[in-house]
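Residue numbers (my numbering), protein chains in the order written: chain S, 7 to 487; chain Y, 2 to 230.
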Amino acid sequence: MKPGTLVRLALAGTRSDTVRVALTGLSAGLATLAYLAALTVIVIPTVEDGGGRVSPQYRHALIAEAGLRPGVVVVLVLLTVPVLALAGQCALLGAPSRDRRLSAIRLAGASPGQAIAIAATETGLASVLGTVVGLGAYFGGREFLHRPDADGRLPLPTDVVPPVWWIAAVCVGIPVVAMLFAVLQLRRVAVTPFGVVRRVRTRAPLPWPGALIVVGLIATATVVPLSRQLEGDPEESGALLLVVLLCGLGCATIGVVTGTGWISYRTGWLMHRFGRRPATLLAARRLMADPWSGSRTLAALLACLVFGGGAAGVRSSFATDFEAERLAAQRSDPSGVIIEPRDTDFYFGAFNLVNIAIGVGLVIAAGGLIVALAESIVSRRRAYAALVATGVPRSTLAKAVMWQSLVPAAAGIVVALAVGAALSQSLFGDEVEREGIVLEVPVPVDDLALLGAGAVAAVLAVVGVGLLFLRASTALEELRV
Amino acid sequence: MSYLSARGLVRSYGRTPALRGVNLDVEEGEIVAVTGPSGCGKSTLLHCLAGILRPDAGEVTYRGRRIDTLSEGARAALRRTEFGVLFQFGQLVAELTAAENVALPLLLAGTGRREARTAALSWLDRLGVADFADQRPGEMSGGQQQRCAVARALVTEPRVLFCDEPTGALDSLAGEQVLGHLVRLAREQRTTVVLVTHDVQVAAYGDREIMLRDGAADPTGLGTVAAQQ
Chain S
7 MKPGTLVRLA
17 LAGTRSDTVR
27 VALTGLSAGL
37 ATLAYLAALT
47 VIVIPTVEDG
57 GGRVSPQYRH
67 ALIAEAGLRP
77 GVVVVLVLLT
87 VPVLALAGQC
97 ALLGAPSRDR
107 RLSAIRLAGA
117 SPGQAIAIAA
127 TETGLASVLG
137 TVVGLGAYFG
147 GREFLHRPDA
157 DGRLPLPTDV
167 VPPVWWIAAV
177 CVGIPVVAML
187 FAVLQLRRVA
197 VTPFGVVRRV
207 RTRAPLPWPG
217 ALIVVGLIAT
227 ATVVPLSRQL
237 EGDPEESGAL
247 LLVVLLCGLG
257 CATIGVVTGT
267 GWISYRTGWL
277 MHRFGRRPAT
287 LLAARRLMAD
297 PWSGSRTLAA
307 LLACLVFGGG
317 AAGVRSSFAT
327 DFEAERLAAQ
337 RSDPSGVIIE
347 PRDTDFYFGA
357 FNLVNIAIGV
367 GLVIAAGGLI
377 VALAESIVSR
387 RRAYAALVAT
397 GVPRSTLAKA
407 VMWQSLVPAA
417 AGIVVALAVG
427 AALSQSLFGD
437 EVEREGIVLE
447 VPVPVDDLAL
457 LGAGAVAAVL
467 AVVGVGLLFL
477 RASTALEELR
487 V
Chain Y
2 MSYLSARGLV
12 RSYGRTPALR
22 GVNLDVEEGE
32 IVAVTGPSGC
42 GKSTLLHCLA
52 GILRPDAGEV
62 TYRGRRIDTL
72 SEGARAALRR
82 TEFGVLFQFG
92 QLVAELTAAE
102 NVALPLLLAG
112 TGRREARTAA
122 LSWLDRLGVA
132 DFADQRPGEM
142 SGGQQQRCAV
152 ARALVTEPRV
162 LFCDEPTGAL
172 DSLAGEQVLG
182 HLVRLAREQR
192 TTVVLVTHDV
202 QVAAYGDREI
212 MLRDGAADPT
222 GLGTVAAQQ
């Protein structure tokens, strides 16, 4: 197939295909912005300044102090997780009409590989478009935000640019990864001339993700003892500790996300066993039939909550440490306080920034949830319309959709927050000691409850929007389609 | 007064007229086949009669009561309690087993789960698909699925059953089996049946045939064909 034909077929779609392309492009653009911002922070030059390495040309300590910048980079990269998850959900948008188009192309003589290439090209082109827009926004934003204050200090690192080949790697990497992801999503799909067959896993999920969470907790618990053991080259041991920490975080997060499949199946089984209403029966069977749906759609939200729970735990640990330090100082000199309020303000300000990043992540993840829920409703519109035609009240279907969305989400949110807090505790311990003052680190119940409530509110809002799609999708005109 | 009647039914989709003043009377316990070429308005007529669609003009009465003016909720309740609806395909819930699909209308009516399952198993048995009670639709053939759909449409013992091309997606043998069961059970229960089809062999199962052409009863006088069986 000639490249021109490939592009033409990839872009020949309906309105839902256009929306999918636009949202995929938007996700790629946001990811490009986040990665370029992270690279910009990495290349900030530093100078030695008595207390450490700093970049005095910047107004904010988070950028000015070299020791804090890795945290900024990590937060920016983490922000791309929900963005990429949103892109993944967008790939499902309008899937039925795309499937019909691919089948028709197969019927016209295309090979299975060519059909997949057409789908991947569509995603790739959308990503290239988004990346170009993201690149433009990055350079445009630099110009717009380059506003030195009276002392010549900048609010953001708009005076440095990452090396060209780093920028090129981002601009090429994002579309390539997006295309690979599209191919990966189609691995269980057989495009035939007579339709698209999706192979689904019928086996009930096993609870092995629980073991992954335990491994993650053990890995993070070994970080501090390991750092005491490794007293050689600080750079070398630092890298090793970082790898252990990231592995621990990764294992626990993957455990929570994949464990949601098992939770969905089990809660579905319980609802089916004890539920009495048709809505719970419908929701229970849906949860049991596709328990991995929860894992797929909630992945970004749960990942954000694991980090959110962890951040709340770290904040609680720091606050307890400051308190112990203050008490120790008061004991040695009742009139003096060692830690200046300014210092704690700085740390808590940094934590607030992390919370804002988590909040942004939750909002983006909620966007992905809306796309996933709307798509799942739209793809089943004929079955829903047939049920309504036979007299099933729309309220029953709405309750079923609400149950099947809320149950795995609520369980997953609780587990994610608990694992996040446990990760923090396994890393920093459950008590702090300063010059003989020992304080127990409290579980940050308020922060966790706030995060949980925020996440549940986001899911409820998503379900509310989804129910609007349900109303439209159960229109009895769908029976004529 | 007829059991179910339509007077001057008009219905359009945008600027495309589907029904142009159809009149129809159906008596209690009668099996009426509505036939005609594709796009003549057969399904639209059935949807209007069943209260699925509201006509743009005209009226539909059921047992002397006008139903086209009822609210959406009241029409849904009517379909749930008095009517049964059977489509060509895609009506079973993919995630529910055959028995759960058949039991669903009873559960919606407030019947207990055990009682609903017993009734569902009984109906599946009468339709010869009891062995598939715990299978999902995806694990059954088209004919078996459609027999489950018939069981679901009849489980509430409706007074009127509306069938929209019920064998359209089946081969002739499976179609005959489904129709054979459907007609036998409908006659046993004295259920009134309105059967939409483009297939003359399927229409032959009816007591009477109404032919539609271009959204109206056939003006050539062939519109009403006397009892076939």
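For each residue, glycine too, the CB sits at the ideal point set by N, CA and C.
Against chain S: residues of the segment 50-75 of chain Y by CB proximity under 7 Å:
I53, L54
L304 (chain S) and A428 (chain S) closer than 9 Å at C-beta:
No, Cβ-Cβ distance for L304 (chain S) and A428 (chain S) is not below 9 Å.
Helix, strand or coil: which one does DSSP assign to E71 (chain S)?
Strand, per DSSP.
For the segment 275-289 of chain S, which residues have a CB atom closer than 8 Å to at least one CB atom of chain Y, in sequence order?
R282, R283, P284, L287, L288
Out of S:A174, S:Q63, S:S117, S:G140, point me to the one whose CA is closest to G158 (chain S)'s CA.
S:Q63
On the CB-based measure, 16 or more other CB atoms within 10 Å of its CB, does N358 (chain S) come out buried or exposed?
exposed
What residues from the segment 395-414 of chain S come within 9 Å of chain Y, judged by C-beta to C-beta, listed N to C?
A395, T396, G397, V398, P399, R400, T402
Express the C-alpha separation of A455 (chain S) and P106 (chain Y) in angstroms, rounding to a whole number.
If I take the Cα positions, the gap works out to 40 Å.
Could you check which residue in S:R321, S:V462, S:P161, S:Y390 has the C-alpha nearest to that of A406 (chain S)?
It is S:Y390 whose Cα lies nearest to the Cα of A406 (chain S).
Kindly indicate which residue of S:I376, S:V312, S:L131, S:L42 has the alpha-carbon position closest to the one of V1 (chain S).
Outside the modelled stretch of chain S, which goes from 7 to 487, sits residue 1 (chain S), for which no answer is possible.
Going by DSSP in three states, A19 (chain Y) sits in which element: helix, strand or coil?
strand
Give the range of the alpha helix (DSSP H) segment to which F150 (chain S) is assigned.
118-151
Counting contacts by CB-CB distance shorter than 9 Å, is A392 (chain S) in contact with chain Y?
Interface with chain Y (9 Å Cβ-Cβ cutoff): A392 (chain S) is included.
Report the three-state DSSP secondary structure of S6 (chain Y) (helix, strand or coil).
strand
Against chain Y, does I345 (chain S) count as a neighbour if the rule is that its beta carbon must be under 9 Å from one of theirs?
In this prediction, I345 (chain S) has a pLDDT of 49, which is less than 50 and means its spatial position is unreliable; what the coordinates show is noted afterwards. For I345 (chain S), no Cβ of chain Y is located within less than 9 Å of the residue's own Cβ.
Contact between the segment 173-192 of chain Y and the segment 27-43 of chain Y: three or more CB pairs below 8 Å?
yes
For R193 (chain S), decide whether its Cβ has a neighbour in chain Y, counting only Cβ atoms nearer than 9 Å.
Output row for R193 (chain S): interface = no.
Interface residues of chain Y around R209 (chain S) at Cβ under 8 Å?
Correct list: empty, because the minimum Cβ distance to chain Y is about 15 Å.
Beta-carbon gap between G9 (chain Y) and V23 (chain Y) smaller than 9 Å
yes
Return the first residue and the last residue of the alpha helix (DSSP H) that V475 (chain S) is part of.
The sequence given here has Phe at residue 475 (chain S), not Val. Run containing F475 (chain S): 451-479, per the alpha helix (DSSP H) assignment.
Measuring CA to CA, which of S:V438, S:L190, S:A422, S:A70 is closest to G332 (chain S)?
One point to set straight first is that residue 332 (chain S) is Arg, not Gly, in the sequence displayed. If we check each option's Cα against that of R332 (chain S), S:V438 comes out closest.
Check the C-beta distance from I53 (chain Y) over to A395 (chain S) and give it rounded, since I have them as a contact under 8 Å.
5 Å
Could you please give the first and the last residue of the uninterrupted beta strand (DSSP E) stretch that includes R440 (chain S)?
Segment 437-440, the beta strand (DSSP E) holding R440 (chain S).
With 9 Å as the threshold, decide whether the Cβ of R291 (chain S) is near any Cβ in chain Y.
yes
For I260 (chain S), which three-state DSSP category applies?
In the displayed model, I260 (chain S) falls within a helix according to three-state DSSP.
Within 9 Å (strictly less), CB to CB, does A389 (chain S) reach chain Y?
yes
Alpha carbon of P347 (chain S) to alpha carbon of E329 (chain S), nearest angstrom
Because the pLDDT of P347 (chain S) is 48, which lies under 50, any placement of that residue in the model is unreliable, and the number read from its coordinates should be weighed accordingly. Cα to Cα, the separation comes out at about 12 Å.
Chain-ordered neighbours of A306 (chain S) on chain Y, where CB pairs are closer than 8 Å
Per Cβ cutoff of 8 Å: no residues; A306 (chain S) is ~25 Å from chain Y at best.
Could you tell me the alpha carbon to alpha carbon distance between L174 (chain Y) and V151 (chain Y), rounded to whole angstroms?
16 Å
Beta-carbon proximity list for A318 (chain S), same chain, < 6 Å, skipping 5 on both sides
Spatial neighbours of A318 (chain S) in its own chain (CB-CB distance under 6 Å, excluding positions within 5 residues in sequence) are listed in chain order as P450, D453, L454.
Which value, in whole angstroms, describes the spacing of the CA atoms of R209 (chain Y) and Q89 (chain Y)?
21 Å
Would L368 (chain S) and L311 (chain S) qualify as a contact pair, given that the criterion is a beta-carbon distance under 9 Å?
yes
Could you tell me whether any Cβ in chain S is nearer than 9 Å to the Cβ of R118 (chain Y)?
no
Determine whether the Cβ of E210 (chain Y) lies closer than 9 Å to any Cβ atom of chain S.
no
Looking at the C-beta of D296 (chain S), does it have a partner C-beta in chain Y at a distance below 9 Å?
Yes - at least one Cβ of chain Y is within 9 Å of the one on D296 (chain S).
C-beta neighbour in chain Y for R348 (chain S), strict 9 Å
Because the pLDDT at R348 (chain S) is just 48, under 50, the model does not fix this residue reliably, and the value given afterwards should be weighed accordingly. By this cut-off, R348 (chain S) is not an interface position.
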